[in-house]
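A.B. asks: If you scroll down you'll find the structure; I have some questions about it.
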Amino acid sequence: DGGITQSPKYLFRKEGQNVTLSCEQNLNHDAMYWYRQDPGQGLRLIYYSQIVNDFQKGDIAEGYSVSREKKESFPLTVTSAQKNPTAFYLCASSIGSQNIQYFGAGTRLSVL
Amino acid sequence: DQQVKQNSPSLSVQEGRISILNCDYTNSMFDYFLWYKKYPAEGPTFLISISSIKDKNEDGRFTVFLNKSAKHLSLHIVPSQPGDSAVYFCAAPSRTGANNLFFGTGTRLTVIP
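Here it is as structure tokens:
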């Protein structure tokens, strides 16, 4: 089955801790994205990557970091610098400049 | 500044009736629009789209209408079914280097059996 897999589904972060959210796709898509969703808001772009070994900041990149060492994988690290990390995080992918993006099931991050 | 807006946070409709979800946008450069459907604790799934060169696109029970002069689009679901109960987002591609999607804030549709 082709798709995007995000793990874990739920994640808890302690004060001062870095946590990493996994995103893997087997769709052979070039572009991958991380979005954040807060209650009552639309999805906001954190980081994106158009090709392997290249990624760019989105609208709300502060306190986050990413890597793109493989085409299939685009992990997101929520660092201790992100002061309000509680949100629903969504990973998406698309074929180059195609309009339609395909989403994973999301990771809900909460702070202990 | 929100470039894609959904001003109705919720909508309730009787089963079998028509659901109309609205979306407004501010950027006249947008040339493509998408509707996504999202169930709780799941990622959005693509539903239907429309290019700016069209004013209507239909797929089964779902029809999207685009009014470019008003910068307005709407999603019609007819007949509505209880399984349609979800949050619906409209979105538009940025066409910048990111080519990310700008999303509205969503409308929660509840179809009452």
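If you're matching them up, the sequences are chains A and B in order.
Throughout the first sequence, residue numbering follows the working numbering, covering 1 to 112 in sequence.
Throughout the second sequence, residue numbering follows the working numbering, covering 1001 to 1113 in sequence.
Quick reminder that beta carbons are idealized off the backbone N, C-alpha and C, glycines included.
#1: Verify the CB distance criterion: does residue 1026 of chain B have a CB-CB separation below 8 Å to chain A?
#2: Helix, strand or coil for residue 1082 of chain B, going by three-state DSSP, please let me know.
#3: Would you mind telling me which residues of chain A sit closer than 7 Å to residue 1043 of chain B, beta carbon to beta carbon, in chain order?
#4: If contacts are defined as beta-carbon pairs under 8 Å, then residue 1008 of chain B and residue 1022 of chain B qualify, I think. What distance do you get, rounded to the angstrom?
#5: Run through the segment 1002 to 1073 of chain B for me and flag every whole beta strand (DSSP E) of 3 or more residues, listed as ranges in chain order.
#6: Residue 61 of chain A to residue 1084 of chain B, Cα distance in whole Å?
#7: Mark residue 1038 of chain B as exposed unless 16 or more other C-beta atoms lie within 10 angstroms of its C-beta, in which case mark it buried.
#8: Just checking: is the beta-carbon of residue 1060 of chain B within a distance shorter than 8 Å of some beta-carbon in chain A?
#9: Is residue 64 of chain A close to chain B, meaning its C-beta is less than 8 Å from at least one C-beta of that chain?
#10: Residue 31 of chain A touches chain B at which residues, Cβ-Cβ below 8 Å?
#11: What residue ranges within the segment 10 to 89 of chain A form continuous beta strand (DSSP E) runs of no fewer than 3 residues, ordered along the chain?
#12: List, in chain order, every chain A residue whose beta-carbon is nearer than 8 Å to that of residue 1032 of chain B.
#13: So the beta strand (DSSP E) residue 108 of chain A belongs to, where does it begin and stop?
#14: With 8 Å set as the bound, which would you pick, yes or no: does the beta-carbon of residue 40 of chain A sit closer than that to a beta-carbon of chain B?
C.D. replies: By the coordinates alone:
#1: no
#2: helix
#3: 90, 103, 104, 105 and 106
#4: 6 Å
#5: 1010 to 1014, 1019 to 1025, 1032 to 1038, 1045 to 1051, 1056 to 1059 and 1062 to 1067
#6: 34 Å
#7: buried
#8: no
#9: no
#10: 1099
#11: 10 to 13, 19 to 25, 31 to 37, 43 to 51, 54 to 57, 64 to 66 and 76 to 78
#12: 99
#13: 107 to 111
#14: yes
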